[in-house]
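Undergrad: Okay, here's the structure, questions in a sec.
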Amino acid sequence: MTQPSALDSVKRAADTPDERQPYAELGMKREEYDRVRDILGRRPTSSELAIYSVMWSEHCSYKSSKVHLRQFGTKAPQSEALLVGMGENAGVVDIGDGWAATFKIESHNHPSYVEPHQGAATGVGGIVRDIMSMGARPIAVMDALRFGGADQSDTRRVLPGVVEGISHYGNCLGLPNIGGEVVFDPCYIGNPLVNALCVGLLRKDQIKLATAPGPGNKVVLFGALTGPDGIGGASVLASATFEDESQAKRPSVQVGDPFMEKLLIECCLELYQADVVVGIQDLGAAGVSCATTELAAKGTGGMDVQLDLVPLRDPSLRPEEILMSESQERMMAVVTPDDIDAFMAICAKWDIPATVIGEVTDSGRLVMTWHGETIVDIPPGTAADEGPVYERPFHEPDGQAALNAATPADLPRPEDLRATLLQLLGSPNLASKEWVTSQYDRYVRGNTVLAQPADAGVLRISEAMPGAEETTRGIALATDGNGRYARLDPYAGAQLALAEAYRNVAVTGATPLAVTNCLNFGSPEDPEVMWQFAEAVRGLADACKTLGVPVTGGNVSFYNQTGSAAIHPTPVVGVLGVIDDVAGRVRSGFTGEGDKVVLLGETREEFGGSEWAHVAHGHLGGLPPEVDLEAERALARVLVEAAARGLLTGSHDLSDGGLAIALAEACLAQGVGCSVALTGEDAFTDLFSESAARALVTVRPESFDALAELCATHEVPCYGLGTTGGTALTVEGVLEIPLPELREVHTGALPAIFG
Amino acid sequence: MARVIVDVMLKPEILDAQGQAIARALPRLGFSGVSAVRQGKRFEVELEGPADEAALSDVRKMAETLLANTVIEDFTVTVEA
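Chains as they are written, first to last, in this note's numbering: chain G, 1 to 755; chain B, 1001 to 1081.
So this is what it looks like as structure tokens:
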């Protein structure tokens, strides 16, 4: 057994200025450690070192990304809908009738690789608490997932565990999972991406913020007990010697308890209703360190904490470990002395342990004691906000020009387009994701209007809340991201991710309002990766400005690489939209016989980064499809207005796999076939090109003229292709596939692999 | 013929939500004096031959591969007398 080290108090730190400290083992650079010494005017105690090391980590401080992320603010479009922007736990958007929606996407990539089930489950738990901490009731989740090749053996370990973890946690919480993505590419082997999104609903005037104002107010830790979860590196601080290996056995895996989280949700909502919360913060990465420093920094500026009062699951935990513990299902609230009894009574009602561990002060210092001895005494802002900021060098990757020059122009075009369609439709990325999504509860709570495989999830706004009148409103949400496009051109790739999510929201009839993003990249210390990051952020910020949808928050995940091989740069973009009347939402696919099938948008020969090049030739080169944001905006206007006027009977976005896949999916949605004729010169390009800013819609024949007129007004190209009906997908003179054959190929692919 | 028992438990530092739920339920059912409960799994593996070192080594491999998730669980292998 390890001998615990002597308590490293502030007094002891002053007396032993030269004691060697394990800053490097905690991931701190020498300059960063020296800066801590400068700030404090002495060496930090081991508890202070724990706080600074974790608060100044890439994950918490955004030290490599900050200089680029600023563009989301400086280039932000004017938006009256934005109530809370970046910098809080999640952004909040005005969705009308007194309602607001809060949403955010966050990565849980590495934990999901180490322990897929628990990693993915706690990813859901973490993002749900972010949404709760804004004052909202979480109402739905979705997940954007990336795995290695479907045929790679580790994918068979990671994918089932991740899907199980998401479904377990989300289903236990009773939250519908309404969408997301599953993408396979060998570049993600060893670095799967698990990006979890949550959306919550609240009244506009009930927004809560992470702040600790008012000296004398109580600081309450409530929720699960604190255990040695996810401590990892902090153990080095708690052991007697740095060489001691026995302490390194502390797990880096966190295990969640969704039933505790469910209680926590209901408890928080009742606390908000009773109006007994001044400020609130969820405990995520960096646990108590993060919550105390951030709350104090945003409030009156000071806080006294008795760390020995933190209730523990494992009584042997040392203060350094308590500070860094990532135990799940915990929250911290600031409560006035007058309200504390009411607060505690509500927690007791929900069986939620709650403990007053400190008090807000105006001292400007965060002071923590351990059985009477002072172990932390720092200005909280120096840990929370004034971390290091790096202008990392970046340059275009050496092989980028060659990659862009290797266009798909020379790839042999297929003779048999029927076989190509079936090959693509049954490939892992385009195959039906039903095997995954059927493990999620999509309809719990009864407000789901559209869910997978629809282009976007749509929810009815229906909450029994005081002061809330009846509303017909709904919200729509979609996430998208294409790593291959971003690999070819990160600036355009990020814009295409936004454009697709924006389009997916618009095809349901909802008006896109706001953006969240999860930026998954390799190591920022690699200038080539940093270039990809810089370009992607610049592209996304520019596109948000043009489309008039502000970024409300999100998350950066760096170091997604194994050795020197980084993943494709993968910006995942989530777009939230609002629809005035959910009864007018448009389904994605053919809904009846005899409708006119219409293609909106222009098709060019664009195969760079396409599914066809990937599946048929294993090719990645050239440039991604051209970005035309004005065309995207015009298309969205047509889609939203046409839906509002009741013109559309179905609507589906064109993206991966082009028109061919969109037609197949539209047929399979309700089992309605179609007969269409192509309009271009080359059937292959017409069917498989991935040109952006396109959608496939259906209208009753008598509505076609009205749609055509609307398209003309907005200068959106509009082509009548044919008619719905029958039991086959027929492209005149090119191919005919009976729907049962189509369905078998589409739905059989993933079960055949993951069974 | 021999029977080998594999006991799988969450590592002591890992949160055991089910064990906690049981511990919370006990007082409600009138049982007192219990300070904590941890829940695990027990496997009874029937061997075709004797439980010699080679067979036990195989069982340990089975436990590592399938019966236990060694990222968060420990296991013990014992031969039933």
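Built from N, CA and C at the ideal position, the CB exists for glycine as well. Keep in mind the model is a prediction, meaning the values are calculated, not measured.
In chain order, which continuous runs of the alpha helix (DSSP H) of length 4 or greater are located wholly inside the stretch 266-341 of chain G?
TA: If we require 4 residues or more, the alpha helix (DSSP H) runs fully inside the stretch 266-341 of chain G come out as 287-298, 319-324.
Undergrad: Closest by CA to Arg12(G), which one among Glu373(G), Ala752(G), Pro624(G)?
TA: Taking the first sequence and counting its residues from 1, the one referred to as residue 12(G) is at position 12. Closest option to Arg12(G), Cα to Cα, is Glu373(G).
Undergrad: Going along chain G, which residues have a C-beta under 8 Å from Ala1063(B)?
TA: Counting from 1 along the second sequence, the entry for residue 1063(B) is found at position 63. Per Cβ cutoff of 8 Å: no residues; Ala1063(B) is ~17 Å from chain G at best.
Undergrad: Does the ligand PLP have even one heavy atom less than 6 Å from the beta-carbon of Glu525(G)?
TA: Ligands are entirely absent from the displayed structure, and the ligand PLP is therefore not among its contents.
Undergrad: Measuring CA to CA, which of Gly125(G), Val597(G), Ala494(G) is closest to Gly165(G)?
TA: Stepping through the first sequence from its first residue, residue 165(G) is reached at position 165. Of Gly125(G), Val597(G), Ala494(G), the residue nearest in Cα terms is Gly125(G).
Undergrad: Can you tell me whether DSSP reads Leu1029(B) as helix, strand or coil?
TA: Residue 1029(B) sits at position 29 when you count from the first residue of the second sequence. Coil, per DSSP.
Undergrad: Give the range of the alpha helix (DSSP H) segment to which Cys518(G) is assigned.
TA: Position 518 of the first sequence, counting from 1, holds the residue named residue 518(G). It is not in any alpha helix (DSSP H) - Cys518(G) instead sits in the beta strand (DSSP E) that spans 511-520.
Undergrad: Would Ala492(G) and Val575(G) qualify as a contact pair, given that the criterion is a beta-carbon distance under 7 Å?
TA: Locating residue 492(G) in the first sequence gives position 492, where the first residue counts as 1. Locating residue 575(G) in the first sequence gives position 575, where the first residue counts as 1. Taking 7 Å as the Cβ cut-off, Ala492(G) and Val575(G) do not qualify as a contacting pair.
Undergrad: Quick one: residues in its chain with C-beta nearer than 6 Å to the C-beta of Gly190(G), no 5 flanking neighbours on either side, listed in chain order?
TA: Locating residue 190(G) in the first sequence gives position 190, where the first residue counts as 1. Hits under 6 Å: Thr562.
Undergrad: Roughly how many angstroms lie between the CA atoms of Ala583(G) and Glu58(G), to the nearest whole one?
TA: Taking the first sequence and counting its residues from 1, one reaches residue 583(G) at position 583. Taking the first sequence and counting its residues from 1, one reaches residue 58(G) at position 58. C-alpha separation (whole angstroms): 45 Å.
Undergrad: So Val194(G) contacts chain B; which residues on that side make the cut at Cβ distance below 8 Å?
TA: Position 194 of the first sequence holds residue 194(G). Chain B residues near Val194(G): none, gap ~16 Å exceeds 8 Å.
Undergrad: In the DSSP assignment, what are the bridge partners of Phe1082(B)?
TA: What the structure shows of chain B is the stretch from 1001 to 1081, and residue 1082(B) is not part of that stretch, so it cannot be assessed.
Undergrad: I need the DSSP call for Val537(G), collapsed to helix, strand or coil.
TA: Position 537 of the first sequence holds residue 537(G). Note: Val537(G) maps to helix in three-state DSSP.
Undergrad: If you pair each beta-carbon of the stretch 590-602 of chain G with each one of the stretch 388-400 of chain G, do three or more pairs fall below 8 Å?
TA: Contact between the stretch 590-602 of chain G and the stretch 388-400 of chain G is absent, because fewer than three Cβ pairs lie under 8 Å.
Undergrad: Do you know how far the Cα of Cys711(G) is from the Cα of Tyr719(G)?
TA: Translated into positions along the first sequence, residue 719(G) becomes position 719. Translated into positions along the first sequence, residue 711(G) becomes position 711. Approximately 10 Å, taken between the alpha carbons.
Undergrad: Quick check for students: name the residue ranges of the beta strand (DSSP E) that lie wholly in the stretch 541-595 of chain G, counting only runs of 3 or more.
TA: List check, beta strand (DSSP E) in window: 551-557, 570-579.
Undergrad: I want to see whether chain G comes within less than 7 Å of Leu1015(B), judged by CB atoms only; does it?
TA: To locate residue 1015(B), count along the second sequence from 1; it is residue 15. Yes, its Cβ sits closer than 7 Å to a Cβ of chain G.
Undergrad: Residues in the stretch 96-118 of chain G with C-beta within 9 Å of chain B's C-beta atoms, listed in sequence order?
TA: Listed by position, the residues of the stretch 96-118 of chain G near chain B (Cβ gap below 9 Å) are Val114, Glu115, His117, Gln118.
Undergrad: Compare the C-alpha of Arg42(G) against each of Ile357(G), Ser9(G), Pro116(G) and name the closest.
TA: Taking the first residue of the first sequence as 1, we reach residue 42(G) at position 42. For the residues Ile357(G), Ser9(G), Pro116(G), the minimum Cα distance to Arg42(G) belongs to Ser9(G).
Undergrad: When the Cα atoms are used, what is the spatial distance from Ala456(G) to Met260(G)?
TA: In the first sequence, residue 456(G) corresponds to position 456, counting from 1. In the first sequence, residue 260(G) corresponds to position 260, counting from 1. Cα to Cα, Ala456(G) sits roughly 30 Å from Met260(G).
Undergrad: Residues of chain B with CB closer than 7 Å to the CB of Asp229(G), please, in chain order.
TA: The count along the first sequence starts at 1 and reaches residue 229(G) at position 229. Those within 7 Å of Asp229(G) in chain B are Leu1015.
Undergrad: Which residue marks the beginning of the alpha helix (DSSP H) containing Thr355(G), and which one marks its end?
TA: In the first sequence, counting from the first residue as 1, residue 355(G) sits at position 355. That residue, Thr355(G), is in no alpha helix (DSSP H); its beta strand (DSSP E) goes 354-361.
Undergrad: State buried or exposed for Leu648(G), treating a residue as buried only when at least 16 other CB atoms are found within 10 Å of its CB.
TA: On the first sequence, residue 648(G) is found 648 positions in, with the first residue counted as 1. Counting Cβ neighbours within 10 Å, Leu648(G) comes out buried, since at least 16 surround it.
Undergrad: Taking the C-alpha atoms as reference points, what is the distance between Ile131(G) and Arg442(G)?
TA: Reading the first sequence from its first residue, position 131 is the one you call residue 131(G). Reading the first sequence from its first residue, position 442 is the one you call residue 442(G). C-alpha separation (whole angstroms): 19 Å.
Undergrad: For a quick check, are the C-beta atoms of Thr570(G) and Gly483(G) less than 7 Å apart?
TA: As a first step, residue 570(G) is located in the first sequence; it is residue number 570 there, counting from the start. As a first step, residue 483(G) is located in the first sequence; it is residue number 483 there, counting from the start. A contact, by the Cβ cut-off of 7 Å.
Undergrad: Please name the residue in Leu696(G), Asp542(G), Leu687(G), Gly577(G) whose C-alpha comes closest to that of Val598(G).
TA: By 1-based counting over the first sequence, the position of residue 598(G) is 598. Residue Leu696(G) is the option with its Cα nearest to Val598(G).
Undergrad: Excluding the 5 residues flanking Ala749(G) on each side, which residues of the same chain have their C-beta closer than 6 Å to its C-beta?
TA: Within the first sequence, the letter at position 749 stands for residue 749(G). Closer than 6 Å at Cβ, skipping near neighbours: Gly426, Ala431.
Undergrad: Under DSSP, the beta strand (DSSP E) around Lys104(G) begins and ends at which residues?
TA: As a first step, residue 104(G) must be located in the first sequence, where it is residue number 104. Lys104(G) -> beta strand (DSSP E) spans 99-107.
Undergrad: Under three-state DSSP, which class holds Lys433(G)?
TA: Mapped onto the first sequence, residue 433(G) falls at position 433. Coil, per DSSP.
Undergrad: Per DSSP, which one or two residues make a beta bridge with Phe1075(B)?
TA: Position 75 of the second sequence, counted from the first residue, corresponds to residue 1075(B). Answer by DSSP bridge pairing, in chain order: Val1008(B).
Undergrad: Who are the Cβ neighbours of Ile756(G) in its own chain at under 7 Å, not counting the five residues just before and after it?
TA: The requested residue 756(G) is not part of the displayed model; chain G covers only 1 to 755.
Undergrad: What does Val1006(B) touch in chain G if you count any residue whose Cβ is under 7 Å from its own?
TA: As a position in the second sequence, residue 1006(B) is number 6, starting the count at 1. In chain order: nothing, as chain G lies at least about 20 Å away.
Undergrad: Beta-carbon of Ile1022(B) versus every beta-carbon of chain G: anything under 7 Å?
TA: For this step, residue 1022(B) is matched to residue 22 along the second sequence. By this cut-off, Ile1022(B) is not an interface position.
Undergrad: Where does Ala210(G) sit, in a helix, a strand or coil, going by DSSP?
TA: As a working note, residue 210(G) is residue 210 in the first sequence. Coil.
Undergrad: Counting only beta-carbon atoms, is Val1082(B) nearer than 7 Å to chain G?
TA: The displayed coordinates of chain B run from 1001 to 1081. Any statement about residue 1082(B) would go beyond what the structure contains.
Undergrad: Which of helix, strand or coil does DSSP assign to Asp143(G)?
TA: Mapped onto the first sequence, residue 143(G) falls at position 143. Strand.
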